[in-house]
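In the numbering used here, the protein residues as written are -19 to 705.
Heads up, the thing below is written out as structure tokens.
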């Protein structure tokens, strides 16, 4: 089987084709799934941000099969391995089924009344002693939009703490901040359709084959798939996506800013910009042009390790394209310069006019299934509807919509997620509430995180699964319903609002997060004030429509019924900024001068490798869900470390040796070594999914000063052969 065939099979199984027909289930094999199901429920996948439409087969109250929705415009019948097996998480052995309260050092079952009463008593007691801001809350891009909106009101207007953030800060905060820097607001300008219609697609730090497999079908598998289309992949590793590329730029770590500025230099030097667009729709062009004048091909080559003529070639391809598309994910965002790197990408689109047109967009490919919905409706880096905390008019608009005094709405955002963790270590945050997230595995610098969890007086973990590495630290565990057990909406990377439907009932005593939030509001005595007459998520959606009306992210025209009937609807239409008007004070986008700084922790003689972390297609985040699916866990049961053959020979290591990765902070032991030219000499790569070999024991606590997103992608380590047991 050819490499290309293997990649094609891995990144998307088309359930419309005879080879992968409706009658084949990834776990049941050749058993006809159509015979297993009495009914098929239409819904949307709850893993990544692609937002694939699904049909879930149900028999005798149990989900028994999954297939792609052939009528859904996002995936057109295709699903990746996670989607094909998603129904198995609903009755996985690791589901949380009852509230647990720590008594005498042990988590013991309690009633919901005792659990919620204890939670409110402890948190309000802590706030009475230490101030309202002693509570920190971290939500997730896994919640429904309706739930996240409800949570935001509860945290900031009910518990009255400003410290509310989401685990999306660990993946997409830099995209949000970068869009704000350039355009004045969050909101991806383009669509998946642009990936297919562009004649040049430039992916920077975006391994969509592993992270967003169905999007691979938008760019094709080679130059023959879409004549005239060129796929360029910028990544230090030879990823599966790089294997699909027409041009792979194997850039040195943190060389992306230099490359982007170098492309801008060539575009300006060779007259490949759009002067009319620049004059009409941007500010600060003269200063920007002067700044990038120093980024000559030779200078950029020294930083990036790329040949000058290759840099010239890529710049000319993008500059001469009728429609140029730039997409990025965590390779850009996971950086202490992530926000400004996004702004640098936006610079390229603005000076060439590659924005607001079919095929032309600077496009952030989001992480979680509803990271977009939570960004729009939450109270984290912005007020609901992309409103600003420091804008009195925005606060007054919300106050009138909610029937409250504007003074009750915070005038500034509270602590971001990383700052809450540091605040807990410093003693300023005394209570933490985590919702559908597993920071013990996902947060950088594990030892700092552990100290924070052990420092707080009260830790609540609300999750669909228990035990998890994080719930093991909890004083209170609240069992929550998950995807397939509740109803509402997700919004994907292209701003497409899709319907999520209930398939089965939650196991045991587990409750939807929405119901938990309302029950807590009742105990705080604010339910009718914050949620007048609410009983279901439909009530939350109706209010969210009113709150978002007239804003950039306007949901008001789109009913649940319309969304379901049309297999999702994009707010803002196919693309934003077609008129060249941006949500800034003067309607113009802003060009930024972005310096190229070395990453925080450089290798030296002792720690002589640069560690990069990332994902594999078979697993999701910290494996809270995918570890429950035998098919997925069996495909990739353990982590591994990739090392170049040159380095392995120098260290006298062989394939499948067990190695220990050591940083200045900690070590990860007994990781299987894979010797491969996928990584360059001096670099190593490890997936972050595995609690058993937690890569974040060695990553560092460096964060973007604007977005507060962690620098997961580069830290200095050494690699040693593990001692024999």
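Glycine included, C-beta positions come from ideal geometry on N, C-alpha and C.
Burial state of residue i, where buried means 16 or more other Cβ atoms lie within 10 Å
| i | result |
| --- | --- |
| residue 632 | exposed |
| residue 204 | Unreliable positioning characterises residue 204 in this predicted model, as indicated by a pLDDT of 45, which lies under 50. A coordinate reading is not provided. |
| residue 689 | buried |
| residue 674 | buried |
| residue 624 | buried |
| residue 467 | buried |
| residue 327 | buried |
| residue 663 | buried |
| residue 147 | buried |
| residue 86 | exposed |
| residue 387 | exposed |
| residue 260 | exposed |
| residue 117 | buried |
| residue 596 | buried |
| residue 321 | buried |
| residue 313 | buried |
| residue 316 | buried |
| residue 696 | buried |
| residue 599 | buried |
| residue 8 | Low confidence applies to residue 8: its pLDDT is 36, below 50, so where it sits in the model is not reliable, and the reading given next is rough at best. Residue 8 should be labelled exposed. |
Sub-8 Å separation of residue i and residue j beta-carbons
| i | j | result |
| --- | --- | --- |
| residue 411 | residue 441 | no |
| residue 76 | residue 414 | no |
| residue 292 | residue 258 | no |
| residue 706 | residue 460 | With the chain covering -19 to 705 only, the question about residue 706 has no answer from this structure. |
| residue 592 | residue 665 | yes |
| residue 549 | residue 477 | yes |
| residue 432 | residue 457 | no |
| residue 38 | residue 19 | yes |
| residue 73 | residue 700 | no |
| residue 340 | residue 303 | yes |
| residue 594 | residue 310 | yes |
| residue 96 | residue 499 | yes |
| residue 345 | residue 403 | no |
| residue 160 | residue 187 | no |
| residue 162 | residue 270 | no |
| residue 451 | residue 602 | no |
| residue 393 | residue 369 | yes |
| residue 132 | residue 318 | no |
| residue 462 | residue 114 | no |
| residue 551 | residue 521 | no |
| residue 563 | residue 177 | no |
| residue 233 | residue 579 | yes |
| residue 677 | residue 426 | yes |
| residue 629 | residue 658 | no |
Continuous alpha helix (DSSP H) stretch holding residue i: start and end
| i | result |
| --- | --- |
| residue 220 | 220 to 224 |
| residue 131 | 125 to 133 |
| residue 688 | Taken as a continuous stretch (DSSP letters only), residue 688 belongs to no alpha helix (DSSP H), as it is neither H nor E. |
| residue 191 | 188 to 191 |
| residue 177 | 172 to 177 |
| residue 29 | That residue, residue 29, is in no alpha helix (DSSP H); it is neither H nor E in DSSP. |
| residue 377 | 372 to 382 |
| residue 160 | 153 to 163 |
| residue 611 | 610 to 615 |
| residue 215 | Taken as a continuous stretch (DSSP letters only), residue 215 belongs to no alpha helix (DSSP H), as it is neither H nor E. |
| residue 107 | 92 to 110 |
Short CB-CB distance (under 8 Å) between residue i and chain D
| i | result |
| --- | --- |
| residue 399 | In the structure shown, chain D cannot be found, because there is only a single protein chain. |
Residues bridged to residue i [DSSP beta-bridge criterion]
| i | result |
| --- | --- |
| residue 20 | 37 |
| residue 341 | 305 |
| residue 228 | 213 |
| residue 640 | 700 |
| residue 574 | According to DSSP, residue 574 bridges with nothing at all. |
Enclosing beta strand (DSSP E) for residue i [first to last residue]
| i | result |
| --- | --- |
| residue 306 | 304 to 308 |
| residue 492 | No beta strand (DSSP E) contains residue 492, which DSSP labels as neither H nor E. |
| residue 768 | Residue 768 lies beyond the residue range present for the chain, which begins at -19 and ends at 705; the question has no answer from this structure. |
| residue 42 | 42 to 48 |
| residue 460 | It is not in any beta strand (DSSP E) - residue 460 carries neither H nor E in the DSSP assignment. |
| residue 442 | 438 to 443 |
Stretch-stretch touch, CB-based, cutoff 8 Å, three pairs: the region 343 to 352 with the region 121 to 134: Contact holds: three or more Cβ-Cβ distances are below 8 Å.
Meets three-Cβ-pair contact criterion under 8 Å: the region 680 to 694 and the region 154 to 167: Yes, since at least three Cβ pairs between the region 680 to 694 and the region 154 to 167 fall closer than 8 Å, the two stretches touch.
The region 173 to 184 / the region 204 to 221 touching (three or more Cβ pairs under 8 Å): Taking 8 Å as the limit for Cβ pairs, the verdict is that the region 204 to 221 does touch the region 173 to 184.
Stretch-stretch touch, CB-based, cutoff 8 Å, three pairs: the region 50 to 66 with the region 30 to 38: Contact between the region 50 to 66 and the region 30 to 38 is established, with three or more Cβ pairs separated by less than 8 Å.
Stretch-stretch touch, CB-based, cutoff 8 Å, three pairs: the region 231 to 246 with the region 540 to 558: Output reads no: the region 540 to 558 does not touch the region 231 to 246.
Meets three-Cβ-pair contact criterion under 8 Å: the region 262 to 281 and the region 222 to 230: Verdict: no, contact absent.
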